[in-house]
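Working notes, beginning with the structure itself.
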Amino acid sequence: MQNQQQYSDLEVVDPPSDGPYVYESPAAQEANLPEVVSPAPPRTNKDADEKIVDDATKHDERKGGPLGVFHRRRLRYLIFTLIALTIVGAVLGAALGTTLNHRSQETDETTTNPPAQSPANRILRNSSLTATNLADQNGRVHRRVFFQDANNAIIARQWDSQNRTWETRNLTEAVHLNPATPDIDTYPGTPLASASLTFRDDGFYESWVWFLDSGNQIINVGSGDISYSEDRIGVISLPGRFVAGNGSRLAAAWQRCPEDCMGSWIVIYQAEDGLVNVINGSGSWHLGSSFDRAVAMGSSLAITPQMSGSSATGLAVLLENLVSGSTGEVIRMGYGMPETDGHSWVDSMSRTTNRISRERLTGTNELR
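The opening residue of the sequence shown carries number 1 in UniProt numbering; numbering runs sequentially from there.
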């Protein structure tokens, strides 16, 4: 056997001549390991104050730094504002709807059911006025003002000094609701007169108002109840022979008794013949006296208590007389006073009475 040197048939490749070469082992290639990449250097920015802020810092601010808190607060404020505006809008809308609905209902009720009575402070344009007062046993003062309202009803407005309040009583309605009393039949602008009495301080009180019905007959309405309760209002028609003339006024008073007695209601009016009549309500209504003086038609009338000695048991009547077609005088007739005989009406004023002028007189000397 020849000693022959054997050579490999593998091809020998010379490495490239352009530099070192890094060989990878087949094992590393087959393992398919992840590629290792060197991270790039972090990118930097500058804020408005020339401070270097990296991306990581900005990310932290968005999550919890001061700038992130500001954004979250602004978002919350915006949400809360929207919620508040929504609630306020809902409340205002509900309130406006309720108000409009209520006004609509009131309008419908007013249109379909107008009030039967006018407000208490609405006075008939040509209404007369009269007032009276009394003090009860406890010293409380009760004042009453009577007038006609816009519906022609007789109204009493009363004042209580203890409660310091005004109350309204519709006398026409109270009489109408009482089946035991006849309805009041009056006319707009009827004359009114009123008076009150107290007796013995034992709780006996009365207040009345007098007026004319549509036939000029004298009617009086009132009560003995100190509170003037509407269910205690009564009405009295004076006898038919007491009929006032057109344009007559009325006056009334309570004449105290000089002894221990009730006293008397006194009412004066002008009859159709022009005479001024005095009627007395003691016992039953009757004619007391007539003034035969030439009293002007439609004369003003007044009656007031007068002192007689130590008690106010006298009366004085004031009325108007004509002297000529353009002037007149006041006449004062007294009753039950020292200068009178005590039982008849006497002209208690001298003939030097102040003269009064009247601008509007008719041919029949009727005062307007």
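Using N, Cα and C, we set each Cβ at its ideal position, and we do this for glycine too. Values in this document were obtained by computation on a predicted structure and should not be read as measured data.
For residue i, the residue or residues it bridges with in DSSP
| i | result |
| --- | --- |
| Asn277 | Tyr269 and Ser290 |
| Gly234 | Gly222 |
| Asp160 | His142 and Thr165 |
| Thr81 | Its beta-bridge partners do not exist; DSSP assigns none. |
| Asn151 | Looking at the DSSP assignment, Asn151 forms no beta bridge with any residue, so it has no partner. |
| Leu318 | Ala302 and Arg332 |
| residue 438 | Residue 438 lies beyond the range of the chain shown here (1 to 368); nothing can be said about it. |
| Val346 | Gly334 |
| Asn133 | Arg143 |
| Ile87 | Note: Ile87 sits in no beta bridge, so no partner. |
| Trp254 | Trp265 |
| Val323 | Beta-bridge pairing links Val323 to no other residue. |
Alpha-carbon spacing of residue i relative to residue j, whole angstroms
| i | j | result |
| --- | --- | --- |
| residue 439 | Gly89 | Nothing about residue 439 can be reported from this structure: the residues present for the chain run from 1 to 368 only. |
| Leu318 | Thr304 | 9 Å |
| Phe199 | Arg140 | 15 Å |
| Arg256 | Ala312 | 7 Å |
| Asp273 | Ile154 | 28 Å |
| Gly298 | Val323 | 15 Å |
| Gln162 | Arg241 | 42 Å |
| Pro191 | Asn138 | 33 Å |
| Leu129 | Arg249 | 12 Å |
| Leu177 | Arg232 | 11 Å |
| Gly234 | Asp160 | 21 Å |
| Ile236 | Asn216 | 14 Å |
| Ser196 | Thr327 | 35 Å |
| Ser223 | Trp166 | 18 Å |
| Leu287 | Ile279 | 4 Å |
| Pro179 | Met307 | 42 Å |
| Ala174 | Ser127 | 20 Å |
| Phe80 | Thr86 | 10 Å |
| Asp260 | Trp210 | 26 Å |
| Phe147 | Ala135 | 22 Å |
| Thr181 | Ile331 | 39 Å |
| Glu329 | Asp292 | 15 Å |
| Ala156 | Arg125 | 17 Å |
| His59 | Tyr77 | Residue placement at His59 is poorly supported in this model, since its pLDDT is 46, which falls under 50; the coordinates still yield a value, given next. Their backbone Cα atoms lie some 23 Å apart in a straight line. |
| Ile218 | Ser300 | 17 Å |
| Thr172 | Ile184 | 6 Å |
| Asn246 | Arg164 | 39 Å |
| Asp225 | Gly189 | 27 Å |
| Gly203 | His142 | 13 Å |
| Pro258 | Asn220 | 25 Å |
| Arg74 | Leu82 | 12 Å |
| Gly283 | Glu230 | 25 Å |
8 Å contact criterion, which residue i and residue j should meet: CB distance rounded
| i | j | result |
| --- | --- | --- |
| Gln158 | Tyr228 | 6 Å |
| Ala193 | Ala252 | 4 Å |
| Arg144 | Asn133 | 7 Å |
| Ala150 | Arg122 | 5 Å |
| Leu238 | Trp285 | 5 Å |
6 Å CB neighbourhood of residue i in its chain, flanking five on each side removed
| i | result |
| --- | --- |
| Ser290 | Leu275 and Asn277 |
| Ser244 | Checking the sequence shown, residue 244 turns out to be Ala, not Ser. Result list for Ala244: Leu212, Asn216 and Tyr269, in chain order. |
| Thr362 | With a pLDDT of 33 at Thr362, under the threshold of 50, the predicted position of this residue should be treated as unreliable, and no value is reported. |
| Ala271 | Gly245 and Asn277 |
Cutoff 8 Å; reference residue i; Cβ partners in own chain excluding five residues on either side
| i | result |
| --- | --- |
| Gly281 | Ser264, Trp265, Ile266 and Val267 |
| Ala131 | Arg143, Arg144, Val145, Phe146 and Ser194 |
Close beta carbons around residue i, own chain, < 7 Å, minus the five adjacent residues each side
| i | result |
| --- | --- |
| Trp254 | Ala195, Ser196, Leu197, Gly263 and Trp265 |
| Ala84 | none |
| Arg336 | According to the sequence as given, residue 336 is Gly; it is not Arg. Once the five neighbours on either side are set aside, the close Cβ partners of Gly336 are Ser308, Thr313, Gly314, Leu315 and Gly342. |
| Asn321 | Arg293, Ala294, Val295, Ala296, Gly328, Glu329 and Ile331 |
| Ser214 | Asp185, Thr186 and Tyr187 |
Any non-hydrogen atom of the ligand ATP within 7 Å of residue i CB
| i | result |
| --- | --- |
| Ser284 | This structure simply doesn't include the ligand ATP, nor any ligand for that matter. |
field: Start-end ranges of the beta strand (DSSP E) lying completely within the stretch 166-218, minimum 3 residues
entry: 193-199 and 204-212
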